[in-house]
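Note sheet for the following structure.
In my numbering, the protein residues as written are 24 to 210.
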């Protein structure tokens, strides 16, 4: 709408971004996580999730407000890289805390909550914000505002959770280590 593109042009551009930025962000996230874990950072997955949010939220906020399609598409590319990093790191972050026998269930609940909340809250909130502006051309501001409303608390929650997460990962490691020693002693 902002740049006068038709549906085909938008679909092609966004499709190419999804096909490239998504895998690239996932690979960057995995690489950074592996590097962090190899360096002894037990919170490497949460760091990558945080970095993905720090990249994605501002980019999603800015992309609908850009003055040209090319700048907007660059912002959207960056947003999808950040989103892919965070999306890949989210379940990995949970796996660092979940006992082996619960990992499948924890992952299923994670994806259920993410999928339902994003589909039930995302589009209606953008619509309500747009309606609140009283102008259908204000969609760009609604999209940007929703990125701020959802993104900033997400960044802050992850930031506030670092210390607690680190402690929990260490506790889980110690518990698994004790159980491993006990199990070997029973053989």
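Where is the CB? At the ideal position from N, CA and C, for every residue including glycine.
Please read all numbers here as calculations on a predicted model, not as lab measurements.
Coarse secondary structure for residue i, derived from DSSP in three states
{"i": "residue 120", "result": "coil"}
{"i": "residue 64", "result": "coil"}
{"i": "residue 158", "result": "coil"}
{"i": "residue 27", "result": "coil"}
Rounded straight-line distance, which links the Cα of residue j to that of residue i
{"i": "residue 159", "j": "residue 86", "result": "18 Å"}
{"i": "residue 154", "j": "residue 163", "result": "12 Å"}
{"i": "residue 137", "j": "residue 177", "result": "13 Å"}
{"i": "residue 222", "j": "residue 103", "result": "Past the edges of the chain, shown from 24 to 210, lies residue 222, and the structure says nothing about it."}
{"i": "residue 88", "j": "residue 94", "result": "10 Å"}
{"i": "residue 141", "j": "residue 185", "result": "24 Å"}
{"i": "residue 69", "j": "residue 112", "result": "7 Å"}
{"i": "residue 116", "j": "residue 181", "result": "11 Å"}
{"i": "residue 1", "j": "residue 168", "result": "The structure shown has nothing for residue 1, since the chain only spans 24 to 210."}
{"i": "residue 195", "j": "residue 64", "result": "15 Å"}
{"i": "residue 101", "j": "residue 31", "result": "22 Å"}
{"i": "residue 174", "j": "residue 29", "result": "29 Å"}
Nearest residue (CA-CA) to residue i, options the options
{"i": "residue 211", "options": "175, 26, 146 and 72", "result": "As displayed, the chain neither begins before 24 nor continues past 210, which places residue 211 out of reach and without an answer."}
{"i": "residue 79", "options": "66, 99 and 166", "result": "99"}
{"i": "residue 197", "options": "120, 173 and 76", "result": "120"}
{"i": "residue 72", "options": "188, 199, 202 and 194", "result": "188"}
{"i": "residue 193", "options": "40, 35 and 66", "result": "66"}
{"i": "residue 108", "options": "183, 81 and 54", "result": "54"}
{"i": "residue 161", "options": "150, 183 and 97", "result": "150"}
{"i": "residue 38", "options": "60, 131, 139 and 96", "result": "96"}
{"i": "residue 43", "options": "84, 106, 152 and 61", "result": "106"}
{"i": "residue 165", "options": "84, 126, 56 and 114", "result": "84"}
{"i": "residue 152", "options": "45, 171, 125 and 110", "result": "171"}
Entirely enclosed alpha helix (DSSP H) segments - the stretch 80-133, minimum 4 residues = Within the stretch 80-133, the complete alpha helix (DSSP H) segments of 4 residues or longer fall at 92-118, listed in chain order.
Next item on the list: Mind listing, in chain order, the continuous beta strand (DSSP E) runs of no fewer than 3 residues lying wholly within the stretch 137-206?
Entry: Restricting attention to beta strand (DSSP E) runs no shorter than 3 residues, the stretch 137-206 encloses none.
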